[in-house]
Every structure is written in C-alpha cells, then in structure tokens.
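Residue numbers (the numbering used here), protein chains in the order written: chain H, 6 to 351; chain G, 6 to 351; chain S, 6 to 351.
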Amino acid sequence: MPEYTLEDLAAKLSLTLKGGNAKVSGLNTLEAAGPDEVSFLANPKYAPFLEHTRACAVIVDEAHADKVERALISKTPYLDFGRALALFTRKEGSFVGVSDQAYIDPQAELGEGCVVYPFAYIGARARVGKTCVIFSGAYIGEDAIIGDNCRLYPNAVVLSRVELGEGCELHPGAVVGSDGFGFTRPSPGSDAIQRIPQAGFVRLGKEVSVGSNAAIDRGALGPTTIGDETKIDNLVQIGHNVTVGKAGLVISQVGVAGSCRIGDRVTLAGQAGIAGHLKIGNDAVIGPQAGVAKDVPDGFQGGGSPLVDGQTFLRTLSLMPKLPDLFKRISKLEKELAELRGETDK
Amino acid sequence: MPEYTLEDLAAKLSLTLKGGNAKVSGLNTLEAAGPDEVSFLANPKYAPFLEHTRACAVIVDEAHADKVERALISKTPYLDFGRALALFTRKEGSFVGVSDQAYIDPQAELGEGCVVYPFAYIGARARVGKTCVIFSGAYIGEDAIIGDNCRLYPNAVVLSRVELGEGCELHPGAVVGSDGFGFTRPSPGSDAIQRIPQAGFVRLGKEVSVGSNAAIDRGALGPTTIGDETKIDNLVQIGHNVTVGKAGLVISQVGVAGSCRIGDRVTLAGQAGIAGHLKIGNDAVIGPQAGVAKDVPDGFQGGGSPLVDGQTFLRTLSLMPKLPDLFKRISKLEKELAELRGETDK
Amino acid sequence: MPEYTLEDLAAKLSLTLKGGNAKVSGLNTLEAAGPDEVSFLANPKYAPFLEHTRACAVIVDEAHADKVERALISKTPYLDFGRALALFTRKEGSFVGVSDQAYIDPQAELGEGCVVYPFAYIGARARVGKTCVIFSGAYIGEDAIIGDNCRLYPNAVVLSRVELGEGCELHPGAVVGSDGFGFTRPSPGSDAIQRIPQAGFVRLGKEVSVGSNAAIDRGALGPTTIGDETKIDNLVQIGHNVTVGKAGLVISQVGVAGSCRIGDRVTLAGQAGIAGHLKIGNDAVIGPQAGVAKDVPDGFQGGGSPLVDGQTFLRTLSLMPKLPDLFKRISKLEKELAELRGETDK
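Spelled out as structure tokens, the structure:
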C-alpha cells in the first residue's frame, strides 16, 4: 500500500490544507477513523461527528473547515473523498503475465501487457486490447473485440462477436451477449414454441461497468448498445436490441425488455422494470420498483406502477394505506345521503 | 457463412417468390437492410417502411406483396423470418473434440460427437448424450443425465442427479439443481435456523431453454420439473418442487416459490412473483411485476398485485394516479353533506 | 447410501417408535412414499393422506399416532423429518484430495483435509480452513479468509480480503465481495460519472448460506456484514456496507440497498426491496415484493409498497380491485348530492 502525507494529498487533489502535515494510512468514516486516517463530511447531517472524530484531517467544505484541527478544504468533499480513496485502494488480484493454464486460441490476438489468469478461455479470432486483465473462469467468445484496459473479473462471460470499448469492466458472473429471449408461440394453444434466432451482437462503449451476475442479451438483428460511461449494477437484465445512452446509472435488479431506447444520463433505480419497445428520454430518473409501460419524456422524474411523476407518486403512496378508511367514509356518505333523500322526498 | 439466393429461400421455406432471383447475404430490418439482405413485415404499423426499404426482398403476407419489388409471400411472416434467419445464424463457438484441459471423470460416459471445451468438469457416473456441447467452466455433477444435443454454455452448472432431456440449452451461468431454500426457524425468536435437507433433483424435459444466471432449485423430496419446450429467461428463480408444464414462457426475473404447479402453455411476464404452493392453470398469462397470491384458473389473463383480470387491472392502473383527486372529492362531499344535513335538520 | 431401521431412527432422533421395526431406504411424502420409506405429517390438512399412505412409518405428533400402523412420535414432526432426511441425503460431489488441475498460489494456505476440484483458483495469501470443499471454477481472492468446513460450490466467487466464518456455503455462481455501486454523477446533466472506490470488504459470520447467483458487495469503507446463521437465497442483492444480523432469512430476488442495517432474526420475503440507509428492527417480517422506504421497528410484520402493517396490507389488497367501482360510487354520490342541493336550495 502506498504512503502519503496530508501535503501529498492536498497537492494531488488540488485542495487547501489547513493545519500541520501528518502521515496518512487510509480513509475512513468520521466515526471509525483512527488518528492516521483521513475522513470527510459530505452530508451536513453528520456535522456533529466533526467534534469527536479521531481522524487526522477531514475533507470538508469551507464552511466547516474551522470545526476541525486539520482540514483538506474542498468544494466537492464527496468527490474529493472518492479521489483520495482511489489512492489507497488495491485492485483485485496481482497475478502477472499469461498463465499457461489458460486457453488462448492460436487465432486469438492478445495486446501488450495483458494479464490472463489460469482457466480463462479466449476463443478464435478474438482480439483483446492492451493491458487487459482476464481473470480465471472468464470466457471470451470467437471474434469478440475487447478494448484496451478492460477487466473481466472471475467467471465473466463475453460471447462471440461482442464488442467492448476501452476501460470496460465486467464483474464476476456478468454475461454479455447471450441470446435474447427470441421465442414465440406460433398460435394460441399451440404446444410448439418457435425460436427466432438471435443473430446480432452487443456493443459496449468506453468505461462501461457491468455488475455481478448481470445479463445483457445480444440483438436479434444488429446490436444491443450500451453508451460510454454507463454503469450497470448487479443482477440487471438488459434485453435484446435495447439501446442505453451514455452516462446512465442502472441500479441493481432492474429489467429492461427488448428494443427499448433509453436516453443519455438516465437513472433507473433498483428493481424497476421497463416494458418492451419503449423510449425513455434523456436525463429521466425512474424510481425503485417502478413499472414503466409507456414512453417517458426527457427530464421526467417519477416512480410507481403505473409510472407517475414524482409528486403524484409521493401523494399516492401516502394515500394507499388510507384506502380502507376511504371505503368506510364512502359507505357512510351513501347511507347518510340515502337518509337525507328519504327525508326530503317526504 | 452459407450463401443463398431468394429462390433457395423460397424453396427451403415453402414460400412464393414474387420478382426475380438475387443473392442474399443475410436478414435485417426494413430500415437497416442493405441491397443484399432480406427483410420482413410482421407488424402492419411498419408498412410505411416498405416504400423506402433497400432490402432485395421482403417476407410479407399476400396483402402487402404488391408494395415491394420482390416478395417472399408468407401466411406467417414473423415465423418465416425466424426460419430464414436460422439459415444465416452462426452458433456460439467452433471448438471441436474433447479438450485434454477438461476434467472428465473416468466413470463418466460421453456420447458420440460431443464437444468438451477446456475447463469443463464432468463428474463421476454422469451420462452425457450424443453431440452435446459443453463449454468452458461448465460443471456436470455426479450421476447427472444429459440428453442428446444439449448445449451447456460457459459456466452453466448442472448439479448431481439432475436430468436434462434432449436438446436442452443452459445459457451462461445458469444453475440447475442447487439446494432449495430449505431453512426454517424452529420457533419464533430463535437464533437457530434448521436446515431441511434438499434430497431431490431436477428434471428438464426436451428442448428446454434456461437463461443466463437463472436458478432452478432441486426438490426437497423428488423432482423439480420443467416440461418439454418450456423456455426460461435470464435471472429467473424456480423454487424447489415446482412443476412447470410444457411450452411455457417464463420471462426475465420472474420468481416462482416452492411447490407451485404451473400448467401447460403458461406465460409469466417479467419480474412477476408467484407465492408458494399455488396452482396456475393451463394457458394462463400473468402480467409483468404481478404478485400472485392465490390459485389461477385455466385461461386466466391478468396482472397486478394482487392479481386481477386484465380488464380490472387496466382500469385500476388508470385510476391509481387519480387517487389524490378522489380523496379531495370525498372530503368535499362530506363537507357538503354535513352542511345539507345541518340545513334540513333545522 | 447408509442403511437404517426404524429403531435406528428412533434412537438417533430421540423419538418414540410405535409399532414393529423395519428397514428404511429413505423419506418421502405421504402420497409418494413406498413401503420402505418413512413419511411425515407436518400440516394437519394432509392428515387424510395418513389412511392410504404406503410408508412403513410416519413421523407424527402424539395426536395422530394412532392413525397409522407404525409411527415415530415427535413434538416437532417437520423438524424431525428434516433431521431424518439429513441421514439419507448425499452431499454434492465425492472428489477427494487437491487436484493438480487447480491453481493454488504458493503463498496461499490450505487447511487439513480440504478438497480442491480442478479449475478452482486460490489466490496469494488466501487462508483456507480445514476440511473445506472448493468446487471447480470457484475463485478465492488474495488475502481472503475462509473458515473451517466451508463449501464453495462450482463457480462461486470470493473476492480479495473477504472473510467467511466456519461452515459457510456459497452456492453456484454466488459472488461475495464485488465492488459496490460506487458511482456518482458529479453534477446534473454531466456526462461524466465518478467512481467512488470500494475499498472495504465483506465479513460473513458462521454457518451463513448464500444462494446461487446471489451478489454481496464489499463495503466502500469497512465491511459489509452478514451475521451468524443467516441464510440468503438465490439471486439476492446485498449492497455495500449493509449489515444483516444473525439468523436472518433473505428470500430469493430480494434487493437490499447500500448501508442498510437489518436486525437479528429478520425475514425478507421474495422480491422485496429495501432502500438505502434504512434500519430494519429485530424480528421484523417483510412481505414479498414489498417496497421499504423508511425505517421499520422491531417486531414489525407487514408488506406492500409503501410498506404497511400486515392487517392494513391485507385490507388494502382486497380493496384495490374495487377501485373502479369506488370511482363510480363517488360520481353517483356527487350527482345525487348536487340534485339534492338543487332541491333544498329551492
């Protein structure tokens, strides 16, 4: 693990150091930090912890800098905490070179500086860029193209003809390029199921992250596409011929059905489901467990099933538990009104 | 890749060719097809694209045949598109033979013409049929029985004593035969959890497909059963002792709890959940994200949580966002009625 | 498979045998049991099957003992059925020793009596306890600590620095210690996504079970923690820095977002989702598909999205399908009231 001082951190992160220098062994929360660790304040509600933290310094904004003995003053404390943490974070695995217990097809191409763990499989005509790391149990199919600096963690699977841009990472068990669910019942009541072959592929842009045990299906025709910088969490399902734009955040267990077009900078929160062939506009934010059954305009923010805007969603949520009471109120109204009509009819 | 002409396709698929012959390199959508590709019209809403497509021919029904220069006339254009596409679709992987980097137990039996990739594991007394393809990282447990023509994609796992019929495919990371969730708390408040051993197995019929990273648990006693032709999508969970009939379609991220009996030709849409010990009738169609908590009769079509018939579901969906307004209307009614009663009491 | 008699079972399980001795080949349901199998009655609704069962004996409570010829009398028939079944259940795999087709880093430590299958990977400085079983395709990262008697089923992944207590089992494809979803958009509309490194680890207590293709992320700082005896089902997602207490049951496809603190003896039913940073009290039971968006007190039982107590949930569920009718009733009330006001105004 590297060693830094507070002055090193201030210089590397372009922050202002208030207070004397000290050695730093790592980062930690305000509560858990020891005297050789740096902490941070990102959320003002944790400001009371500043008083008692044992951290040798805290990454804070200007407004809180005088609450601590030593401060690394930042306009964006959370982001600078992330940048500082990167200096102290070890990457998975230190295996070097290309294992002779791996299988690399004679027709495959491997760029300079790649690491290939034992039991990795690289198929015919696959082209792997420079300084990639292919962990044990990972599979790269025939004619696949892997950009420079990609990391395929243990048991990640890239099927034939899939393309990964530079700097992609596939977490353990992620599957990219399996067949879309191309099955159709020829007629109602038929016991036969016909397969529509899945002849397309998948193209990931640059710096795409795919979570553990997530699945991205190949297109039936042409590609399923994930844009640059888009980050996909664990156990997400992306159907065939879906397009996800750039810089998206697709949180755990989301399902996106076939042929959806998801815009740029979209956030899909955990367990949300998007029905097939829909268009989700740029910058949309879809809440957790939402069920999306129609197109969503640019900038939309909402949740629920059916999907409604955020304000309606919150009001509906708060009213749902009052439904039993509502039914009672209506029965009472009906009864009273009937009485009243009886009276006025007299 | 094979080469075909339009006349070849017409002959192979028993379609009528309208217009002259031409070479065909593949299939594509109406919008994306080039002059050596065949396209198709399955959904009438795309008919306007017929005018501008560059496809050399289009698979269409009789009614649209005169809209294009060359047509392959079909009564079922989508199905015939699928059949045509199959002629041009390459299967995953061209490895041949049995790798000496695989592990095959001396007591395992391997049928004629099997392909076994490096790093596949085949356990003692497993019996693998003819012309199966076992990809790298796949695991076949002891005493498992794999029918002819099965394909176990990379890292697919078949645990001991599981049985697969002919022509099954397990997509990457699919797990068949892991332990059911046989855990029970002996008494409320107890910190101990007792395990009920999972002593059964799984039996898949013929031509069953299991999606990437899906999980099918073995029975506690006896089998978990999936019927012939049933297709299971990615990330689906099938609990212990479930029975799924034939020709079912179980879409991505569905969860079926233990001991359910699902009929024949059932469709379970994405992210639906079925509680334990329920019976779902033949030909039922359950909508996406549905929560099924009681038995469902034959032919039922519906959705929602709780599950209701399709018509009620759609009406309820449209009314949900009007709930806040409804509460206001009722408060107004109550107030007006109170006023009125005040008046009439006078 | 071992052989037992009814007297053996009675002695081993401390049950009272009513009726003569007999050989026992295994256990089965009342309906399916043959004359050399033992069955059980756990749910009184199956009592009518006692009359016709072919089982040589039935594990029953005192009250039902005279309904069968031979009984193993138990105060907790289901639990004793589980204990009996354990005697007849074969564990997955009988490979012995350490395969020379596995990769074991020279700096790794392996306890006595471990079984390591071909194609398992054990990284530098990993410490594996005694009598562990590491199946093919399993990965143990650098500096990981695996307690005694752990089982890592095929393709299970334990990333670097993760700690497993004694007796843990990871089912096929389970991933423990992958990066948390530490991604943040620096500002709205930004195309850049910043990574917050995930520098922590995961600590599983004793006897923890993790289901097939489940994913447990490492902490951003410090551990994600799963308590002793907690059992996690297939396809579950546990986010970074989550704490789950002891003896929890987390059912299939549940998602727990980052930094949640789940108490002891909590049950989370299938497909439920817990938003980030929430506290779920001890002994809480959360229903299937529930959406939890605020803290939950000790002992709470409920369901729905939003989460409500069990009674409100059931009533709301039953009222939902009546919403269309409710809207009609209100329109009628409004009309009648308007008429009445018209009359009384006259």
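For each residue, glycine too, the CB sits at the ideal point set by N, CA and C.
Note to self: Nearest by alpha-carbon distance to residue 11 of chain S: which of S:242, S:60, S:101 is it?
What the structure shows: Within the third sequence, residue 11 of chain S is the residue found at index 6, counting from 1. Checking every option, the nearest Cα to that of residue 11 of chain S belongs to S:60.
Note to self: Looking at residue 269 of chain H: is its Cβ nearer than 8 angstroms to the Cβ of residue 245 of chain H?
What the structure shows: Taking the first residue of the first sequence as position 1, residue 269 of chain H is located at position 264. Taking the first residue of the first sequence as position 1, residue 245 of chain H is located at position 240. Going by C-beta atoms, residue 269 of chain H is not nearer than 8 angstroms to residue 245 of chain H.
Check: Sorted by chain position, which residues of the same chain lie with C-beta nearer than 8 angstroms to residue 15 of chain G's C-beta, five sequence neighbours on each side aside?
Finding: Start at 1 with the first residue of the second sequence, and residue 15 of chain G comes out as number 10. If we look at residue 15 of chain G and ignore the five residues flanking it on each side, its Cβ neighbours are 21, 22, 77.
Next item on the list: Would you grab the beta carbon distance between residue 276 of chain S and residue 263 of chain G for me? Rounded to a whole angstrom, and I think it's under 8 angstroms.
Entry: Working through the third sequence from its first residue, we reach residue 276 of chain S at position 271. Working through the second sequence from its first residue, we reach residue 263 of chain G at position 258. Not really, about 14 angstroms apart at Cβ, beyond 8 angstroms.
Note to self: For a cutoff of 8 angstroms on Cβ pairs, would you count residue 157 of chain G as touching chain S?
What the structure shows: Counting from one through the second sequence, the residue named residue 157 of chain G turns up at place 152. Not an interface residue.
Checklist line | Residue interval of the beta strand (DSSP E) (run including residue 315 of chain H) | finding: In the first sequence, counting from the first residue as 1, residue 315 of chain H sits at position 310. It is not in any beta strand (DSSP E) - residue 315 of chain H instead sits in the alpha helix (DSSP H) that spans 315–324.
Check: Would the beta-carbon of residue 131 of chain S fall within 8 angstroms of that of residue 113 of chain S?
Finding: Here residue 131 of chain S corresponds to residue number 126 of the third sequence, with the count starting at 1. Here residue 113 of chain S corresponds to residue number 108 of the third sequence, with the count starting at 1. Taking 8 angstroms as the Cβ cut-off, residue 131 of chain S and residue 113 of chain S qualify as a contacting pair.
Checklist line | Presumed contact (8 angstroms Cβ cut-off) between residue 144 of chain H and residue 141 of chain G, rounded CB distance | finding: Here the question's residue 144 of chain H lines up with position 139 in the first sequence. Here the question's residue 141 of chain G lines up with position 136 in the second sequence. Right, their Cβ atoms sit about 6 angstroms apart.
Check: Span of the alpha helix (DSSP H) holding residue 16 of chain S?
Finding: Taking the first residue of the third sequence as position 1, residue 16 of chain S is located at position 11. It spans 11–18 - the alpha helix (DSSP H) in which residue 16 of chain S sits, taken as one unbroken run.
Checklist line | Under 7 angstroms by beta carbon: chain G residues contacting residue 202 of chain H | finding: Indexing the first sequence from 1 puts residue 202 of chain H at position 197. Ordered by position in chain G, the residues that pass the 7 angstroms Cβ test against residue 202 of chain H are 87, 90, 91, 94.
Check: Do residue 24 of chain G and residue 62 of chain G come within 8 angstroms of each other at the CB atom, strictly closer than that value?
Finding: Taking the second sequence and counting its residues from 1, the one referred to as residue 62 of chain G is at position 57. Taking the second sequence and counting its residues from 1, the one referred to as residue 24 of chain G is at position 19. Less than 8 angstroms divides the Cβ of residue 62 of chain G from the Cβ of residue 24 of chain G.
Margin query: Which residue marks the beginning of the alpha helix (DSSP H) containing residue 252 of chain H, and which one marks its end?
Written below: What you label residue 252 of chain H is simply residue 247 of the first sequence in a count that begins at 1. Looking at the DSSP string, residue 252 of chain H is not in any alpha helix (DSSP H), and its letter there is neither H nor E.
Notebook entry, point to check: What residues of chain B sit near residue 320 of chain G, judged by a beta carbon separation below 7 angstroms?
Noted result: Reference to chain B is not applicable here, since the protein chains of this structure are H, G and S.
Next item on the list: Kindly indicate the opening and closing residues of the beta strand (DSSP E) around residue 190 of chain H.
Entry: The count along the first sequence starts at 1 and reaches residue 190 of chain H at position 185. Segment: none, residue 190 of chain H is in no beta strand (DSSP E) and carries neither H nor E.
Next item on the list: Please check if any C-beta of chain S sits within less than 8 angstroms of the C-beta of residue 346 of chain H.
Entry: Against the first sequence, residue 346 of chain H aligns to sequence position 341. Interface residue, yes.
Check: Mapping DSSP to helix, strand and coil, what is residue 200 of chain S?
Finding: For the purposes of this step, residue 200 of chain S is identified with residue 195 of the third sequence, where counting begins at 1. Here residue 200 of chain S sits in strand by DSSP.
Margin query: Three or more C-beta pairs under 8 angstroms: does that hold for the segment 78–97 of chain S against the segment 113–130 of chain S?
Written below: no
Item checked: Simplified DSSP state of residue 222 of chain G, which is helix, strand or coil -> Your numbering for residue 222 of chain G matches position 217 in the second sequence. Strand.
Next item on the list: Compare the C-beta of residue 341 of chain H against all C-beta atoms of chain G and say whether one is closer than 8 angstroms.
Entry: If you number the first sequence from 1, residue 341 of chain H lands on position 336. Chain G contact via Cβ: present.
Next item on the list: Please check the pair residue 42 of chain S and residue 33 of chain S, which I expect to be a contact at CB under 8 angstroms, by giving their CB distance rounded to whole angstroms.
Entry: Within the third sequence, the letter at position 37 stands for residue 42 of chain S. Within the third sequence, the letter at position 28 stands for residue 33 of chain S. Indeed, because the Cβ distance is near 4 angstroms, the residues count as touching under 8 angstroms.
Next item on the list: Could you pull out every unbroken alpha helix (DSSP H) segment of at least 4 residues lying fully inside the segment 21–90 of chain H, listed in chain order?
Entry: If we require 4 residues or more, the segment 21–90 of chain H turns out to have no alpha helix (DSSP H) run fully inside it.
Next item on the list: Whole angstroms is fine: what's the gap from residue 338 of chain S's alpha carbon to residue 340 of chain G's?
Entry: The residue given as residue 338 of chain S occupies position 333 in the third sequence. The residue given as residue 340 of chain G occupies position 335 in the second sequence. Taking the straight line joining both Cα atoms gives about 13 angstroms.
Checklist line | Amino acids of chain G, ordered along the chain, whose beta-carbon sits closer than 9 angstroms to that of residue 333 of chain S | finding: Within the third sequence, residue 333 of chain S is the residue found at index 328, counting from 1. Neighbours of residue 333 of chain S on chain G: none; closest Cβ ~10 angstroms, over 9 angstroms.
Next item on the list: Quick one: list the residues of chain S neighbouring residue 256 of chain H, beta-carbon separation under 7 angstroms, in chain order.
Entry: For the purposes of this step, residue 256 of chain H is taken as the residue at position 251 of the first sequence. Under the 7 angstroms cutoff, chain S gives 186.
Notebook entry, point to check: What residue range is occupied by the uninterrupted beta strand (DSSP E) comprising residue 181 of chain H?
Noted result: One-based indexing of the first sequence puts residue 181 of chain H at position 176. Its beta strand (DSSP E) spans residues 180–183.
Next item on the list: Determine the direct distance from the alpha carbon of residue 319 of chain G to that of residue 335 of chain G, and round the result to whole angstroms.
Entry: For the purposes of this step, residue 335 of chain G is taken as residue 330 along the second sequence, with counting starting at 1. For the purposes of this step, residue 319 of chain G is taken as residue 314 along the second sequence, with counting starting at 1. Their backbone Cα atoms lie some 23 angstroms apart in a straight line.
Check: Would DSSP call residue 100 of chain S helix, strand or coil?
Finding: As a position in the third sequence, residue 100 of chain S is number 95, starting the count at 1. Reduced to three states, the DSSP call for residue 100 of chain S is coil.
Next item on the list: Kindly indicate if chain H contains any beta-carbon less than 8 angstroms away from that of residue 234 of chain G.
Entry: In the second sequence, counting from the first residue as 1, residue 234 of chain G sits at position 229. Against chain H, the CB of residue 234 of chain G has a partner CB under 8 angstroms away; the residue lies at that interface.
Margin query: Quick check: is the beta carbon of residue 18 of chain G nearer than 8 angstroms to any beta carbon in chain H?
Written below: On the second sequence, residue 18 of chain G is found 13 positions in, with the first residue counted as 1. Answer no: the Cβ-Cβ gap between residue 18 of chain G and chain H never drops below 8 angstroms.
Notebook entry, point to check: So which residues of chain G does residue 124 of chain H contact, with C-beta pairs closer than 7 angstroms?
Noted result: Within the first sequence, numbered from 1, the residue matching residue 124 of chain H stands at position 119. Here the neighbours are 124.
Check: Between residue 289 of chain H and the rest of its own chain, which residues show a CB-CB distance below 6 angstroms, the 5 nearest in sequence each way excluded?
Finding: Walking along the first sequence from the start, residue 289 of chain H turns up at place 284. Closer than 6 angstroms at Cβ, skipping near neighbours: 271, 301, 305.
Check: Using 8 angstroms as the Cβ pair cut-off and three pairs as the minimum, do the segment 123–138 of chain G and the segment 146–157 of chain G touch?
Finding: Put simply, the segment 123–138 of chain G touches the segment 146–157 of chain G. At least three CB pairs are less than 8 angstroms apart.
Notebook entry, point to check: Comparing the C-beta of residue 98 of chain H with each C-beta of chain S, is any distance below 8 angstroms?
Noted result: Within the first sequence, residue 98 of chain H is the residue found at index 93, counting from 1. True, the Cβ-Cβ gap to chain S drops below 8 angstroms.
Notebook entry, point to check: From what residue to what residue does the beta strand (DSSP E) around residue 230 of chain H run?
Noted result: Locating residue 230 of chain H in the first sequence gives position 225, where the first residue counts as 1. Residue 230 of chain H -> beta strand (DSSP E) spans 228–231.
Check: Is it a yes or a no for the segment 231–250 of chain H touching the segment 206–214 of chain H, going by three-plus beta-carbon pairs under 8 angstroms?
Finding: As far as the Cβ criterion goes, the segment 231–250 of chain H touches the segment 206–214 of chain H, which means the pair count is three or higher.
Margin query: Between which residues of its own chain and residue 201 of chain G is the CB-CB distance below 8 angstroms, once the five residues before and five after are set aside?
Written below: For this step, residue 201 of chain G is matched to residue 196 along the second sequence. Cβ neighbours of residue 201 of chain G beyond the five flanking positions: 187, 188, 189, 225.
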